[in-house]
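Participant: Going line by line, the protein sequences match chains A and B. Going by the numbering used here, 588 is the number at position 1 of the first sequence; the sequence numbering is gapless. Going by the numbering used here, 184 is the number at position 158 of the second sequence; the sequence numbering is gapless. Here a beta-carbon is modelled for each residue, glycine too, at the ideal position from N, C-alpha and C. Keep in mind it's a predicted model, so treat the numbers as computed, not measured. For reference, the structure I am asking about is given below.
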Amino acid sequence: MLRAAPALTISVLLAPVAFGLLATLLPAFGYLPALGGNGFSLAPFGQLFQTPGLLRSSFLSLATGLITTLVAVIVVAGFVAGWSHTRVFRRLQHLLSPLLSVPHAAAAFGLAFLLAPSGWLMRVASPELTGFTRPPDWLIVNDPLGLTMMAGLIAKELPFLFLVTLAALPQIAPRGRMAIAASLGYGRIAGFLHVVWPQLYPQIRLAVFAVLAYATSVVDVAVILGPTQPAPLSVRLVHFMNDPDLSLRFMASAGAILQLAITVGALGLWLLLERLAGASMRWLATTGQRFSSDNAVRLLLAGIVVVSAMTMFVGLSILALWSIAGNWQFPDALPQSLTLRTWERQLPMLGKPVAVTLAAGMVSTLVALVLAIACLEREARTGKTGGNRALLFLYVPLLVPQIAFVFGLQLFFLATGLNAGFAALSLTHLVFVLPYVFLSLSDPWRALDGRYLQVARSLGATPNRIFWSIRLPMLLRPVLAAAAVGFAVSVSLSLPTLLIGAGRWPTLATEAVALSSGGDRRIIGVYAFVQLVLPALCFALATLVPAIIHAGRRDMQGVS
Amino acid sequence: MNLKPTGLVLDKVAIRLGQRVLVELSATIPPGEVLTVMGASGSGKSTLLAFVGGFLEPAFSASGSVWLDGQEITRLPAHQRRLGLLFQDPLLFPHMSVGGNLVFALRDPAGASRRELAEQALAEAGLEGFFERDPATLSGGQKARAALMRVLLSKPRALLLDEPFSKLDAALKQQIRSFVFAEARSRGLPVLLVTHDRADADAAGGAIVDLGEA
């Protein structure tokens, strides 16, 4: 079992992506015998390029990815530079961490309910400040430039990049370096960017790439917040893929390949940006500029982080409020009454999506956990690590745009008769859950003091006994935390669920995104709230269970 | 046939990192006696201990053999060597009670009497009534004694000590040192001690090997 673990893990990560890409590539060039495509041709691409607004859609996707990632990286770098090791930093860290578990769709709905012309901010300001007694006819949400969509993505990716950065930071030992830079007269931010960032960035680089790949091809956030005339490429592809006219599948495949090209192009441009930024920093270092008074910039950065986090919290609260709102007319800041009627009506319909969400989440998380633990335990017993190559494998499913291989995977499952089965759904979830589970677990696993294990061996305990009675109990907290992260990832997966489940396996994520077109805020509030609560409960359990099991053991109580 | 004396025997042990030889040593440690291996940090003394204990990292290569009471143990898995290990930290398992730590080490399978054996060992170390205590609440000296009793309950046939006194303050160091050596002597255990502290070597009273500069 242990010996097979690395190979099995790598196949789980790579095989679906490889088969999926292949099964996207063939129809893109006209080959899909099931639908009568027996030869190769460029017709699907010809058809694709004749779609109106395609160039604009493609450009939107590219720009969204680059701008979102750039802003998120700058804010995270600047915030860590300006505030690390301060009390403000610790406070904001506690504020940002729980946001990691918020599903993308729920976060996007929260933002929409806050910013829309009939949203809560406008209600608070109206009519006293604005004079509006009915919502203005403004395109704030779904604006043609996609600004709200980018804001939503940034607010959601900030906590992720922030926590990844935070995990990498201790290995750089930044305090001493920053003290030296400060003693040479450099301001906090300049000192950090000169002496810490060059070593820190390579550690978080793959995560940045994952954000970039995600933001160029995101579907759920784009459906909820993004432009519609035209929509970003990925959103339009989903329409092609679900079109009853099966002949559109060829064009959809070609579109998926175009999406892949756009993501690769964005990565290429990003690499260029990296070089430019690196060269500028090296040049700046030769000038000896100190930037010693950077308080204004520091305040601005902290402000952005606070506003972005508060926006999420307020938006999610409004979402919950809508689910229990009675009559709530514009421009009232609060509903006239509260009622459980929406919940009562939706409860019978919630059963299946909740059950499917729980089942897919638990199965994929459990399998991911077993695979990750088996790999790490084998590594510990044999002393062989996978090194950087293994890390890249883990990131493959996060770097290839979901839509580019999941659509092919759907065709592949169709051809093999596996489609629309629960096993296919769980396997697809596993592909996305496994990297996050592995990445969250590997650091604490490797950080356990190996001398505990040597002592246990010398006391006569077999490796298996050590695993069950020393390693696993001592690592209970990070194991459960990794499980909670994995479960949260599964709960938020909408596109893969939609495509692979083929409508037969509705989850909270697919239902919530489907509801966005109807626009009933009360019903959306119910679904998004439940989608939000499930992972949050999981994180709560992941904190509570170790605290109970290890009650009365001071050194097992964790730090945070 | 290679007839070895009782005790712990290192026969032409050599440990290499790449081409570089870190340690070369042949030694016999009779029951109840201490061999002290001295050297600065980086001299390879901890690596020697890891080799004898069966924990050598794959980056190192080693030749020679280790014998315990006439039996070769060089290729035995670590948990079958019956070598008691003590580090500079007591390393009591933080998720178990003090008593749980001791019970974990017991070899005798008998159920009910296991707790009694652990209680007895605690009493022997002046830790009467500590069975249910959280290890984190013990003082440094109490932890060190609990760790030693844990090792002794596993009925080792030799002790490997890796700077076990270096983190204790001066008064405590004396006390724990004589406690450890007295227990080893009374049970007839050969002891391999690595340290950079000359006072440890003097207190041990046995032979001294100096690995010199790295």
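1. Look at the alpha carbon of Leu-820 of chain A and the alpha carbon of Gln-1041 of chain A, and state the distance between them as a whole number of angstroms.
2. Along the chain, where does the beta strand (DSSP E) that runs through Thr-596 of chain A open and close?
3. As an exercise, report each continuous beta strand (DSSP E) stretch of at least 3 residues that is fully enclosed by the stretch 1039-1072 of chain A, in chain order.
4. Could you pull the start and end residues of the alpha helix (DSSP H) that Leu-128 of chain B belongs to?
5. What residues from chain A crowd round Ala-131 of chain B, counting only those whose CB sits closer than 7 Å?
6. Can you list, in chain order, the residues of its chain whose CB lies under 8 Å from that of Leu-601 of chain A, leaving out five sequence neighbours each side?
7. Can you give the Cα-Cα distance for Arg-1064 of chain A and Ser-52 of chain B, rounded to whole angstroms?
8. Could you check where the beta strand (DSSP E) with Val-47 of chain B kicks off and where it finishes?
9. Is the Cβ-Cβ distance between Gly-733 of chain A and Thr-651 of chain A less than 7 Å?
10. Leaving out five residues on either side along the sequence, give the residues of the same chain with a beta carbon under 7 Å from the beta carbon of Val-1146 of chain A.
11. According to DSSP, which residues form a beta bridge with Leu-649 of chain A?
12. In terms of residues, what are the limits of the alpha helix (DSSP H) holding Gly-697 of chain A?
13. Starting from Gly-970 of chain A, find everything on chain B with Cβ-Cβ shorter than 7 Å and list it in chain order.
14. Measure the C-alpha to C-alpha separation of Pro-770 of chain A and Pro-1022 of chain A and round it to an integer number of angstroms.
15. Within 10 angstroms of its Cβ, does Met-27 of chain B collect 16 or more other Cβ (buried), or is it exposed?
16. Name the chain B residues whose beta carbon is nearer than 8 Å to that of Met-1061 of chain A?
17. Bridge partners for Asp-188 of chain B per DSSP, in chain order?
18. State yes or no: is the beta carbon of Ser-180 of chain B nearer than 7 Å to at least one beta carbon in chain A?
19. Between which two residues does the alpha helix (DSSP H) containing Ile-1186 of chain A stretch?
20. Does the contact criterion of 3 or more C-beta pairs under 8 Å hold for the stretch 702-720 of chain A versus the stretch 905-925 of chain A?
21. From Gly-80 of chain B to Leu-36 of chain B, what distance separates their C-alpha atoms?
22. Is the Cβ-Cβ distance between Ile-727 of chain A and Thr-655 of chain A less than 7 Å?
23. Which residues, in chain order, does the stretch 1126-1145 of chain A contribute to contact with chain B at a C-beta distance below 7 Å?
24. Grab the span of the alpha helix (DSSP H) containing Val-1018 of chain A for me, first residue to last.
25. Judging by CA-CA distance, which residue of A:Ala-1138, A:Leu-1131, A:Pro-1083 is the nearest neighbour of Ser-804 of chain A?
26. How is Trp-93 of chain B classed by DSSP in three states: helix, strand or coil?
27. Among the candidates B:Pro-31, B:Arg-108, B:Gly-65, B:Val-49, whose CA atom is the shortest distance from the CA of Phe-86 of chain B?
28. Applying the criterion that 16 or more other CB atoms from any shown protein chain within 10 Å of the CB defines a buried residue, is Asp-188 of chain B buried or exposed?
29. DSSP three-state call for Glu-145 of chain B: helix, strand or coil?
30. Less than 8 Å between the CB atoms is what I'm expecting for Ala-615 of chain A and Pro-631 of chain A, so what's the real figure, rounded?
31. Rounded C-beta distance between Pro-817 of chain A and Ser-1079 of chain A? I'm assuming under 8 Å.
32. Could you name the residues of the same chain whose beta carbon sits closer than 8 Å to that of Ala-889 of chain A, not counting the 5 residues immediately before and after it, in chain order?
33. Look up Glu-98 of chain B in the DSSP assignment and say whether it is helix, strand or coil.
34. Quick check on this structure: which residue in A:Glu-744, A:Val-901, A:Ile-767 has the alpha carbon closest to the alpha carbon of Val-1148 of chain A?
35. Based on the DSSP secondary-structure assignment, which residues constitute the bridge partners of Asp-37 of chain B?
36. Taking any Cβ of chain B, which residues in the stretch 1030-1054 of chain A have a Cβ under 7 Å from it, in chain order?
Facilitator: In brief:
1. Counted from its first residue, the first sequence places residue 820 of chain A at position 233. Counted from its first residue, the first sequence places residue 1041 of chain A at position 454. Looking at the two C-alpha atoms, the distance is approximately 55 Å.
2. Here residue 596 of chain A refers to the residue found at position 9 when the first sequence is read from its first residue. From DSSP, Thr-596 of chain A is part of no beta strand (DSSP E) but of the alpha helix (DSSP H) over 592-615.
3. Whole beta strand (DSSP E) segments, 3+ residues: zero.
4. Within the second sequence, numbered from 1, the residue matching residue 128 of chain B stands at position 102. Start and end: 124-131.
5. Numbered from its first residue, the second sequence carries residue 131 of chain B at position 105. Per Cβ cutoff of 7 Å: Leu-1046.
6. The residue you call residue 601 of chain A lines up with position 14 of the first sequence. Contacts found: Phe-980, Val-983.
7. As a working note, residue 1064 of chain A is residue 477 in the first sequence. As a working note, residue 52 of chain B is residue 26 in the second sequence. In a straight line, the C-alpha of Arg-1064 of chain A is about 45 Å away from that of Ser-52 of chain B.
8. Reading the second sequence from its first residue, position 21 is the one you call residue 47 of chain B. Here the beta strand (DSSP E) through Val-47 of chain B covers 46-55.
9. In the first sequence, residue 733 of chain A corresponds to position 146, counting from 1. In the first sequence, residue 651 of chain A corresponds to position 64, counting from 1. Cβ distance < 7 Å, so Gly-733 of chain A and Thr-651 of chain A count as in contact.
10. Here residue 1146 of chain A corresponds to residue number 559 of the first sequence, with the count starting at 1. The predicted model places Val-1146 of chain A with a pLDDT of 47, which falls under 50 and marks its position as unreliable; any figure quoted below should be read in that light. Beyond the five residues adjoining it in sequence on each side, Val-1146 of chain A comes within less than 7 Å, by CB distance, of no other residue in the same chain.
11. Here residue 649 of chain A corresponds to residue number 62 of the first sequence, with the count starting at 1. Beta-bridge pairing links Leu-649 of chain A to no other residue.
12. Walking along the first sequence from the start, residue 697 of chain A turns up at place 110. For Gly-697 of chain A, the uninterrupted alpha helix (DSSP H) segment begins and ends at 691-702.
13. On the first sequence, residue 970 of chain A is found 383 positions in, with the first residue counted as 1. Against Gly-970 of chain A, the close residues of chain B are Glu-83, Pro-84, in the order they occur along the chain (beta-carbon pairs closer than 7 Å).
14. By one-based count along the first sequence, residue 770 of chain A stands at place 183. By one-based count along the first sequence, residue 1022 of chain A stands at place 435. Note that residue 770 of chain A is Ser in the sequence shown, not Pro. Ser-770 of chain A and Pro-1022 of chain A: Cα-Cα distance of roughly 41 Å.
15. Sequence index remark: in the second sequence, residue 27 of chain B carries index 1 (1-based). Summary for Met-27 of chain B: the model assigns pLDDT 45, below 50, so the residue's position carries little reliability; its value from the coordinates is reported in the next sentence. Looking at its Cβ environment, which holds fewer than 16 other Cβ atoms inside 10 Å, Met-27 of chain B is exposed.
16. The count along the first sequence starts at 1 and reaches residue 1061 of chain A at position 474. For Met-1061 of chain A, the residues of chain B that pass the 8 Å Cβ criterion are Phe-119, Pro-120, His-121, in the order they occur in the chain.
17. If you number the second sequence from 1, residue 188 of chain B lands on position 162. Assignment of beta-bridge partners to Asp-188 of chain B by DSSP yields B:Val-220.
18. Working through the second sequence from its first residue, we reach residue 180 of chain B at position 154. So, interface residue.
19. Nothing about residue 1186 of chain A can be read from this structure; chain A reaches only from 588 to 1147.
20. Contact between the stretch 702-720 of chain A and the stretch 905-925 of chain A is present, because at least three Cβ pairs lie under 8 Å.
21. Here residue 80 of chain B corresponds to residue number 54 of the second sequence, with the count starting at 1. Here residue 36 of chain B corresponds to residue number 10 of the second sequence, with the count starting at 1. Taking the CA atoms as reference points, Gly-80 of chain B sits about 13 Å from Leu-36 of chain B.
22. Reading the first sequence from its first residue, position 140 is the one you call residue 727 of chain A. Reading the first sequence from its first residue, position 68 is the one you call residue 655 of chain A. Not closer than 7 Å, so no.
23. For the stretch 1126-1145 of chain A, which is checked against every Cβ of chain B, the residues closer than 7 Å are His-1137, Gly-1139, Arg-1140, Arg-1141, Asp-1142, Met-1143.
24. Here residue 1018 of chain A refers to the residue found at position 431 when the first sequence is read from its first residue. DSSP places Val-1018 of chain A inside the alpha helix (DSSP H), whose first and last residues are 1009-1034.
25. Residue numbering aside, residue 804 of chain A sits at position 217 when the first sequence is read from its first letter. Out of A:Ala-1138, A:Leu-1131, A:Pro-1083, the CA that lies nearest to the CA of Ser-804 of chain A is found in A:Pro-1083.
26. Here residue 93 of chain B corresponds to residue number 67 of the second sequence, with the count starting at 1. In the structure shown, Trp-93 of chain B adopts extended strand secondary structure according to DSSP, grouped into three states.
27. As a first step, residue 86 of chain B is located in the second sequence; it is residue number 60 there, counting from the start. Here the closest residue by C-alpha is B:Val-49.
28. Here residue 188 of chain B refers to the residue found at position 162 when the second sequence is read from its first residue. Asp-188 of chain B is buried by the Cβ-count criterion.
29. Numbered from 1 along the second sequence, position 119 holds the residue referred to as residue 145 of chain B. Note: Glu-145 of chain B maps to helix in three-state DSSP.
30. Along the first sequence, one-based indexing puts residue 615 of chain A at 28. Along the first sequence, one-based indexing puts residue 631 of chain A at 44. Right, the Cβ-Cβ distance comes to about 6 Å (below 8 Å), so this counts as a contact.
31. On the first sequence, position 230 is the one that residue 817 of chain A refers to. On the first sequence, position 492 is the one that residue 1079 of chain A refers to. The pair is not a contact, with the Cβ atoms about 25 Å apart (cut-off 8 Å).
32. The residue labelled residue 889 of chain A in the question sits at position 302 within the first sequence. Around Ala-889 of chain A: Phe-666, Gly-669, Trp-670, Val-675, Leu-679.
33. Taking the first residue of the second sequence as 1, we reach residue 98 of chain B at position 72. Reduced to three states, the DSSP call for Glu-98 of chain B is strand.
34. Any property of residue 1148 of chain A remains undetermined from this structure, which presents chain A solely from 588 to 1147.
35. Taking the first residue of the second sequence as 1, we reach residue 37 of chain B at position 11. Answer by DSSP bridge pairing, in chain order: B:Ser-91.
36. Answer set for the stretch 1030-1054 of chain A: Arg-1038, Tyr-1039, Gln-1041, Val-1042, Arg-1044, Ser-1045, Leu-1046, Gly-1047, Ala-1048, Thr-1049.
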